[in-house]
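Sequential numbering of the sequence shown, starting at 1, is according to the UniProt record's numbering.
So the structure is just underneath, and the comments pick up after that.
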Amino acid sequence: MRTGVMCAWEEYPDGRLWHTARSEEEVNRFLNACLSRINYGSLSWVNLHVVDELGLHTKLLEFLLANDCKAEFLDLTFNGPLALKFLKRQIERGAIEELNICGEWPQKVVKKLLKLIPQPQFHELHTYGNSPLTVKYRDLLKVIEKSTTNGSKSPKKLISMRNGVLEDFPMEQTPAKSSLGVKHDYFYVEFHVWR
Numbered sequence: 001m002r003t004g005v006m007c008a009w010e011e012y013p014d015g016r017l018w019h020t021a022r023s024e025e026e027v028n029r030f031l032n033a034c035l036s037r038i039n040y041g042s043l044s045w046v047n048l049h050v051v052d053e054l055g056l057h058t059k060l061l062e063f064l065l066a067n068d069c070k071a072e073f074l075d076l077t078f079n080g081p082l083a084l085k086f087l088k089r090q091i092e093r094g095a096i097e098e099l100n101i102c103g104e105w106p107q108k109v110v111k112k113l114l115k116l117i118p119q120p121q122f123h124e125l126h127t128y129g130n131s132p133l134t135v136k137y138r139d140l141l142k143v144i145e146k147s148t149t150n151g152s153k154s155p156k157k158l159i160s161m162r163n164g165v166l167e168d169f170p171m172e173q174t175p176a177k178s179s180l181g182v183k184h185d186y187f188y189v190e191f192h193v194w195r
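Here it is in structure tokens:
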């Protein structure tokens, strides 16, 4: 059975179990009652997209960090240093297959993302935010080259950045073993590994 953790605004009428917390006490009661039964070392997905005024997002991050969470699919909104610490630990654990990051992440997160991309299990990254992240073209080429030589099991990798900037991107150039392009309002890179 695959397990996931989600923080969401909506209440769903389709039979899924949701808890709506209206106070900090209810948040603590929910964490103690429900989250203590999860095997955090083998989570399938973690979705912490909503930053709420009660602090559930922060408390869930604290709880996941304290319980040594390891997620394959991660959807994370920036809410401060704790989110950065959580993302860094997830990248170091080497389990992330797909990552969506939202919000106003600091530029220093780019270095961490460039460490994630070559990992063999990783295949998709989406960033959405109000403050653009900047990636240097030569840094991206190094990552693409590393991905083609690291024995990656994933034949296809995708990186997209809404409101992102790729510095010094020569539109007319297409590096070997990759295809690059720009679509609409976001930077899009797709590269394939051929054997």
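Glycine is no exception: its CB is placed at the ideal position from the N, C-alpha and C atoms.
Since the structure is predicted, the reported quantities are computational estimates derived from the model, not experimental observations.
Self-check item: Reduced DSSP category for C102 - H, G, I as helix; E, B as strand; rest coil
Solution: strand
> Looking at the structure shown, is L35 part of a helix, part of a strand, or coil, going by DSSP?
Replying inline: helix
Exercise for the section: Note down the Cα distance separating A95 from S36, rounded to an integer number of angstroms. Expected result: 22 angstroms
Item to check | Residue range of the beta strand (DSSP E) that includes A71 | outcome: A71 to T77
Q121 versus C69: straight-line alpha-carbon distance, rounded
17 angstroms
Report task. Could you say which of Q119, E124, L114 and I91 lies nearest to R138 if we only look at CA atoms? Result -> L114
Quiz item: Based on Cα-Cα distance, which residue from P106, N67 and L31 lies nearest to G41?
Solution: N67
Span of the alpha helix (DSSP H), counted from its first residue to its last, around K112: V109 to L116
(message) Short of 6 angstroms in beta carbon distance, which residues of its chain neighbour N100, apart from the five on each side in sequence? Order them along the chain.
(response) D75 and H126
- If you count every other CB in all the chains shown that lies within 10 Å of the CB of T174, and 16 or more means buried, which is it? Any answer about T174 is weak, because its pLDDT of 37 lies below 50 and its placement is not dependable; what the coordinates show is given next. Exposed, since its Cβ has fewer than 16 Cβ neighbours within 10 Å.
**Message:** For T58 and E92, what's the separation of their Cα atoms in angstroms?
**Reply:** 21 angstroms
Review point. What separation, rounded to the nearest whole angstrom, lies between the Cα atoms of E172 and Q107?
Key: Unreliable placement is indicated for E172, whose pLDDT of 37 sits below 50; the coordinate value is still reported in the next sentence. Their Cα atoms are separated by approximately 27 angstroms.
Taking 7 angstroms as the limit between beta carbons, can you name the residues of its chain near F73, skipping five residues before and five after?
S44, W45, E97 and E98
query: If you draw a straight line from the C-alpha of L60 to the C-alpha of K88, how long is it?
result: 16 angstroms
* **Collapsed DSSP secondary structure at G41 in the structure displayed** => helix
Practice item. Just the C-alpha distance for K142 and V135, rounded to the nearest angstrom, thanks. Key: 12 angstroms
* Answer with buried or exposed for residue 196, where buried requires no fewer than 16 other C-beta atoms within 10 angstroms of its C-beta. => Nothing can be reported for residue 196, as the shown portion of the chain is limited to 1 through 195.
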